[in-house]
Structures are given as structure tokens and as C-alpha cells.
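In my numbering, the protein residues as written are 1226 to 1426.
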Amino acid sequence: MRKRSDKYKDIFPQDVAIMNDLFCQQLMGNFLEYKRQGRPNFVLNADLVDYVKGKKVQRGRPWLKYKVVYVPLHINGKHWVALVIDLVNYSLIVLDNDIRLTKPDDMGDHVRPFCVMIPLILQKANKFKHLGEKLTRPWSWRRPLDICAQTRRSGDCGVYMLKNIELHSMGFPLIENMNDENVQYHKRRYAIEIFDGSIEP
């Protein structure tokens, strides 16, 4: 998706970033250190700051140029959801096509590290001073129940996650464009794209 967005700048929005699972793992691991050490003694992982400064391969641009950052989030090693980091409204949104699998409190446990760490990372990057007190406290999060079609099948969450990111970044409604009626089509299309290296829109 990142390669496609870079190639077709007139089609895909350029004010969004898509992280990979490594970013997620590094953030979660650093959050555990934060809990052990406490904020006064905490040392932030420099790699996380490099993402924000645009020094990593995630399209290589500073987050100041973005309005939204998307993160693939693996819940309990069995369910993929898309995490939307809203840099304009200082909040996080979970795009989840099977809310039955994760109770609100459990989802909160998985999202909370991002609510806490994202303001810290932005603060450390020294590029977001204009956000002021927004960087001194955890951001809020929500999981809208009416934004994603709810699947009646298992095993397709990864495809849902990827397509939800693509659609949401372009401002398209998710329910009408990604559901159990067309998930198999999108699954086959992703497989073909991976096989032949195609990045056509």
C-alpha cells in the first residue's frame, strides 16, 4: 500500500502514513519499560522517535506532514485490527470487523500503550511543541460499532484490516466497500499483487 501511494500521488492521499508490525512491537515493548520505570526515569526507544522524524523507511517523511497514522494491531495473536492514530484530534480509533472477539476492557489493554506512548514519542521528537498539553497526557480511544461491517466468518481479519486502512485513508465508507460479500475477491487480489509484485491501483 505504501508503494502504491508513493507511485500514484494523484490518487492516494499523501497526508497519511502506514506503519508496519515492527513499529507496533517496538512501541509495546517500550511501554512495558515505561510501566516499570515510571515517566521521570523512562528512556524512550530512539527508533520510535526516528519514525516520527522521518528517518525510517515508512515513506521517510516526518509525521508533521501527516494527519493520520495507521498501525496494524494483532490482538492476542489471533485477530487483526487497524489502529488509526488521529494527529489532528489527538485520539485513536480501532477499526474492528469482529468486535465479538475482544471485550472493550481487553481491547483497551491493547490500545492503551499507544494512547500513552504516542504523546511521549511526539514530545521527544521536538517537532510538535504546538500541541502543548496534548503531549503531557494519554490520548483517548474508541472503537465505533457502526463504521465496519461485522463479519460472520473467521480467518479473514488480515484482509479486512488491510482493506479498511486503504478505504479509510481515502475517505470511502467501509461497510459498503468491505464486507463478507466481497472479502474473497479482495483476498485473491492481494494474493495476486503479492505474487507478481503489482502496485497498480
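By construction, the Cβ of each residue, glycine as well, lies at the ideal position given by its N, Cα and C atoms.
- Separation of the CB atoms of L1298 and H1335 is rounded to 7 Å, and the pair is thereby assigned contact status at 8 Å.
- For the pair K1328 and V1277, the Cα-to-Cα distance works out to about 31 Å.
- For F1353 against L1345, the beta-carbon gap comes to about 11 Å, at or over 8 Å, which does not count as contact.
- When secondary structure is reduced to three states using DSSP, W1288 falls in the helix class.
- In this structure, the straight-line span from the alpha carbon of E1258 to that of Q1251 is close to 11 Å.
- As DSSP reads the structure, A1242 sits in a beta bridge with V1294.
- In chain order, D1405 place their CB closer than 7 Å to the CB of R1378, counting only its own chain and leaving out the 5 sequence neighbours on each side.
- Between the alpha carbons of I1300 and G1357 lies a gap of roughly 32 Å.
- Using a Cβ-Cβ distance cut-off of 8 Å, the stretch 1301-1312 and the stretch 1383-1401 are in contact, since at least three pairs of beta carbons, one from each stretch, lie closer than that value.
- With 16 or more other CB atoms across the displayed protein chains lying within 10 angstroms of its CB, L1320 is buried.
- Here DSSP, grouped into helix, strand and coil, assigns A1374 to coil.
- DSSP, read as helix, strand or coil, puts L1269 in coil.
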